[in-house]
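Q: What follows is a structure written as C-alpha cells; I'll ask about it next.
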Amino acid sequence: MAEAKAIDGRSLIRRRAGLRLWLSAGWLGMLCIAALLAPWIAPKDPLAQDLFLGRMPPVWEMGAEPGYWLGTDSLGRDVLSRIIHGARIALMVALIAGTITCVIGATLGLLAGFLRGWVDLVISRLIDIWMAFPPVLFSILLIAVLGPGLWSIIIAIVVIDWTRFARVVRAEAMAQGAMDYVASARVAGRGRFGTMLREILPNVLPTIVVLLTLEMGIAVIVEAILSFVNLSISTDQPTWGGMISEGRASVHQAWWVLVFPLITLFLTVLSFSQLGEGLKDRFDPVLR
Amino acid sequence: MSFLRISNLSVRLKKGPPLLRRVSLQVAAGDVHGLVGESGAGKSMIGKAVLGILPPSVEVTGGEIWLDGVDLLSLPLAERRRRIGATAALIPQDPLTALNPSHRIGPQITDRLVDILGWGRADANSRALELLAEVQIPDPARVLRSYPHELSGGMRQRILIASAFAAEPKLIVADEPTTALDVTVQKQILKLIAGMQARHGTALLFVTHDLGVVSKVCQRLSVLYAGMVVEDTSVADFFAAPRHAYSAALLAATPKYTDPAAGLQPVPDAVIAQVRAEVAAFDRGTRHG
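Laid out in C-alpha cells, this is it:
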C-alpha cells in the first residue's frame, strides 16, 4: 500500500470540506428544523393581532415588550414567529420548484446536448424563444391566469426557469460527448441511452447540483417578489416577501418589520448558492 | 485471407467535400497495418469508419467494410454495433480524455465485459487484474480502485491498452496512441503495444504520422493524401524504395537523428502539386463515371 501510493502523488491530494459548506448547510438545516417544527417552536401565534402591541421594537431596544424577540409589526403580530412560519413556504417553494425545474431542464439539456440532430434543433429553438419573454412579467401573467397559491408559484418558476438548466447542461453534455471515453463506450457496444446515462450523466452531475442549489435560492427570491406584488399565497399565511412588502410602508417608524425578514431571505439565498459550490468542491471527482 | 478488408470506401461531410476517396486496404489476421499521412489526410477517419464512430456531420457515400467475413455497412445498426463490440476495440489518442473521470478504473474495464459480453463479475475482475499486470502496472489491485485523475498519462495509456485487449478482440484500431505522450514514455508504450499485439495475435490498424513508428511496428502501410491512398505497400518495400513521389518526399522529410546537419526537408512544392493534380483528376473521374 505504502509503495503503491508513491507511484503517483495525485492520489494524495485532498481538499478540505471548507467553512462555507458547513456554515451554509448549518443555516439551511436550522431553517428546515424551524419550518418543520414551526407550530411548536414559534413563541407566538403568527396570525394573532393585538393592536395594543403594534410596532413594538426588538428586545434590546428601549420600550420592548418581553416575549416579542424581534418586535411586532403594525398589527401587533410577532415578527420572529412570522419569519419561522414563513420559512415553511419559502423552503417548500425552494425544494419543490427547484427540483422539478432541475429534472425537466436537465433532462431536456442532456437529450439536446448528447443526441444532437433534430432533437437539439427543436430544444435549442424552444430555449431561444422562451428566453425572449421577460421573466418577471411572464410570471405575473402566469399567476394572474392560474390564480394565486403555492402551486401557481411553483408552476410559474418551473415554466420560466427550466431554460437555465437546459442551456448549461446541453453545453456540458456536448463537451463531454466529444471526449474519447464516449467513443470507447460506443465501440464496446453501449447503446445511445446507456452511454448517456452511464458515461455522460455522472460527469454533468456536479454542474447540475450547483445549478439546483442556485435555483432553490432563486425560487425563494421569486416567491418573495411575487408576495411583494401581492400575487403569492393568500394573506393569512405569513411569507417573507409579504412581510417585506408590509414592512416597507412603516420602515421609518418600525425598521425591524422590514429588516429581519430581509436578512433571513438574504442569508437563505446566499446559503443555497454557497452550498452548491461547497458540494461541487467536495464531490467533483476531478477536483476531489 | 484478410481479416479486415476495406474497398472503395468514400466518406464526405454531409453536403460537403469528400474526406475519403475510394479508400481500399486489407489487413490480414494478426498483421499490423500503418496508416500515415499529414494532418487532415483522413487517417483517423478510416479507423472511425471501421469502428462505426464517425462524427454525425459526416456520411459514408459508398464502399464496403468487411470485418471477419461480414460487410459492416450492409448490416442494420444494432447488429453492426454488436459485431464491432465483439470483434474490435479502440486505443484512443488522448489518454487524458479517454477514461471517464467519474468512474473508478476497475468498472471501466470490467463493465463492458459484464454488461455487454455477459461475463461473470468475478471472471471480469480477475481478467482486469491479469491485464494490468501484463501492461506492467505495479499494484494492479490498487489501480483498479483508483479514479483516472489519480494516475499519470503514461499509466492511463497503459490502462487503455489493457482495456482494449480485455475482450480479446481480433482487430484493434490504435489512433495515434503515442502522440499525446512524453517522448520517453512513447517508446515504452510502443513496445508494449507491439508486444501485446504479438502475444494476442490481434490485427492492428495503426494510425500515425510518425514513419519511425511505422518502421518499428508495422508489416504494411497505406500512405494517404487528401483522403486518397497514394501508396499501399509492405513496410520493407516502402523504406527500400517508395514508389510514389509523395511517399518518397514524406520519407525524406523525416528528421535524421544520425545526421543533424542535414536539417529538415520539407515536401517539395512540385510533389504537392503532383499529388493534388492526381486528387483533382480522381474527382473529375468519379463525377463522370
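Heads up: the protein sequence lines correspond to chains A and B, in order.
Residues in the first sequence are numbered consecutively from 0, following numbering that gives the first Met the number 0.
Residues in the second sequence are numbered consecutively from 0, following numbering that gives the first Met the number 0.
Ideal placement from N, C-alpha and C gives every residue a C-beta, glycine not left out.
This one's a predicted model, so the numbers in the text were calculated from it and none came from an experiment.
Measure the C-alpha to C-alpha separation of LEU204 of chain B and TYR256 of chain B and round it to an integer number of angstroms.
A: Distance between the alpha carbons of LEU204 of chain B and TYR256 of chain B is about 27 angstroms.
Q: Below 8 angstroms, how does it come out for the segment 54-67 of chain B and the segment 12-21 of chain B: are there three or more Cβ pairs, yes or no?
A: A contact exists between the segment 54-67 of chain B and the segment 12-21 of chain B.
Q: Between ILE199 of chain A and ALA170 of chain A, what straight-line distance do the alpha-carbon atoms span, to the nearest angstrom?
A: Those two C-alpha atoms are separated by around 12 angstroms.
Q: Determine which residues share a DSSP beta bridge with ARG219 of chain B and list them.
A: According to DSSP, ARG219 of chain B bridges with B:HIS32 and B:SER233.
Q: Helix, strand or coil, according to DSSP, for TYR180 of chain A in the structure here?
A: Correct three-state label for TYR180 of chain A: helix.
Q: Hey, would you say VAL206 of chain B sits closer than 7 angstroms to GLU230 of chain B, going by beta carbons?
A: No, the pair does not count as a contact, with Cβ atoms beyond the cut-off.
Q: Counting only beta-carbon separations shorter than 7 angstroms, does ALA97 of chain B have a partner in chain A?
A: Yes - at least one Cβ of chain A is within 7 angstroms of the one on ALA97 of chain B.
Q: Out of A:ILE217, A:VAL256 and A:GLY25, which one is the CA nearest neighbour of VAL135 of chain A?
A: That would be A:ILE217, whose Cα lies nearest to the Cα of VAL135 of chain A.
Q: Apart from the five residues just before and just after ARG157 of chain B, which ones in its own chain have a Cβ nearer than 6 angstroms to its Cβ?
A: Hits under 6 angstroms: VAL134 and ILE136.
Q: Flag ASP179 of chain A as yes if its beta-carbon sits less than 7 angstroms from any beta-carbon of chain B, otherwise no.
A: Closer than 7 angstroms to some Cβ of chain B, the Cβ of ASP179 of chain A qualifies, so yes.
Q: Whose Cβ in chain B lies nearer than 7 angstroms to the Cβ of GLU198 of chain A?
A: Within chain B, the residues near GLU198 of chain A are ASN99.
Q: Unbroken alpha helix (DSSP H) runs of length 4 or more, entirely within the segment 215-284 of chain A: which are they?
A: Runs of the alpha helix (DSSP H) inside the segment 215-284 of chain A: 239-248 and 254-282.
Q: Could you say which of B:PRO94, B:ARG141 and B:LEU180 lies nearest to SER183 of chain A if we only look at CA atoms?
A: Ranking B:PRO94, B:ARG141 and B:LEU180 by Cα distance to SER183 of chain A puts B:PRO94 first.
Q: Any Cβ of chain B within less than 7 angstroms of the Cβ of ALA5 of chain A?
A: Low confidence applies to ALA5 of chain A: its pLDDT is 41, below 50, so where it sits in the model is not reliable, and the reading given next is rough at best. Output row for ALA5 of chain A: interface = no.
Q: By DSSP, does GLN273 of chain B sit in helix, in strand, or in coil?
A: It is helical.
Q: Establish whether the CB of ARG169 of chain A and some CB of chain B are separated by less than 7 angstroms.
A: So no, ARG169 of chain A is outside the interface.
Q: Smallest Cα separation from ALA28 of chain B: which of B:ALA244, B:ALA202 and B:ALA252?
A: It is B:ALA202 whose Cα lies nearest to the Cα of ALA28 of chain B.
Q: TRP68 of chain A by DSSP, collapsed to three states: which one?
A: In this structure, TRP68 of chain A counts as coil in the three-state DSSP scheme.
Q: Secondary structure at LEU8 of chain B, three-state DSSP: helix, strand or coil?
A: Looking at LEU8 of chain B - three-state DSSP - the assignment turns out to be strand.
Q: Using a Cβ-Cβ distance under 7 angstroms, would GLY288 of chain B count as near chain A?
A: Legend: pLDDT at GLY288 of chain B = 43, less than 50; position of this residue unreliable, value from coordinates given subsequently. So, not an interface residue.
Q: Would you say PRO42 of chain A lies against chain B (beta-carbon separation less than 7 angstroms)?
A: Judged by the 7 angstroms Cβ criterion, PRO42 of chain A is not in contact with chain B.
Q: Compile a chain-ordered list of the residues in the segment 86-106 of chain A whose CB is closer than 8 angstroms to at least one CB of chain B.
A: Per Cβ criterion, the list is empty.
Q: Ignore the nearest five residues each way along the sequence and tell me which others in ILE159 of chain A's own chain have a CB closer than 7 angstroms to its CB.
A: Correct list, in chain order: PRO134, PHE137 and SER138.
Q: How close, in whole Å, do the beta carbons of SER23 of chain B and ILE5 of chain B come, if the pair is a contact with beta carbons under 8 angstroms?
A: With a Cβ gap of about 6 angstroms, SER23 of chain B and ILE5 of chain B count as contacting.
Q: Assuming LEU170 of chain B and PHE2 of chain B form a contact by the criterion Cβ under 8 angstroms, report the distance between their Cβ atoms to the nearest whole angstrom.
A: About 6 angstroms; that satisfies the 8 angstroms criterion.
Q: Suppose the cutoff is 8 angstroms on Cβ atoms and the five residues either side in sequence are ignored; what does the same chain contact list for ALA3 of chain A look like?
A: Residue placement at ALA3 of chain A is flagged as unreliable, the pLDDT there being 41, under the threshold of 50; the coordinate-derived value follows with that caveat. Same-chain partners within the cutoff: there are none.
Q: Take VAL234 of chain B and list the residues in its own chain whose beta-carbon comes closer than 8 angstroms to its own, dropping the five residues that flank it on each side.
A: Closer than 8 angstroms at Cβ, skipping near neighbours: GLY33, VAL213, SER214, CYS217, GLN218, ARG219 and LEU220.
Q: According to DSSP, MET227 of chain B sits in a beta bridge with which residue or residues?
A: Per DSSP, B:TYR224.
Q: Is the beta carbon of ALA33 of chain A less than 7 angstroms from the beta carbon of ILE88 of chain A?
A: It is not a contact, given that the beta carbons lie outside the stated cut-off.
Q: Give a yes or no on whether 7 angstroms exceeds the smallest Cβ distance from ALA172 of chain A to chain B.
A: Judged by the 7 angstroms Cβ criterion, ALA172 of chain A is not in contact with chain B.
Q: To the nearest angstrom, how far is it from the Cα of GLY188 of chain A to the Cα of THR285 of chain B?
A: C-alpha separation (whole angstroms): 35 angstroms.
Q: Roughly how many angstroms lie between the CA atoms of ILE122 of chain A and ALA172 of chain A, to the nearest whole one?
A: So the alpha carbons of these two residues sit roughly 14 angstroms apart.
Q: Going straight from the alpha carbon of ALA1 of chain A to that of GLY153 of chain B, what length do you get?
A: Annotation note: pLDDT 39 at ALA1 of chain A (below 50); position unreliable, no value reported.
Q: Name the residue from A:LEU274, A:PHE259 and A:ARG185 whose alpha carbon lies nearest to the alpha carbon of ALA77 of chain B.
A: If we check each option's Cα against that of ALA77 of chain B, A:ARG185 comes out closest.
Q: Determine the burial state of ILE207 of chain A: buried for a count of at least 16 other Cβ atoms within 10 Å of its Cβ, exposed for fewer.
A: Label assigned to ILE207 of chain A: buried.
Q: Does the beta-carbon of PHE51 of chain A have 16 or more other beta-carbons within 10 angstroms, so that it is buried, or is it exposed?
A: So PHE51 of chain A ends up on the exposed side.
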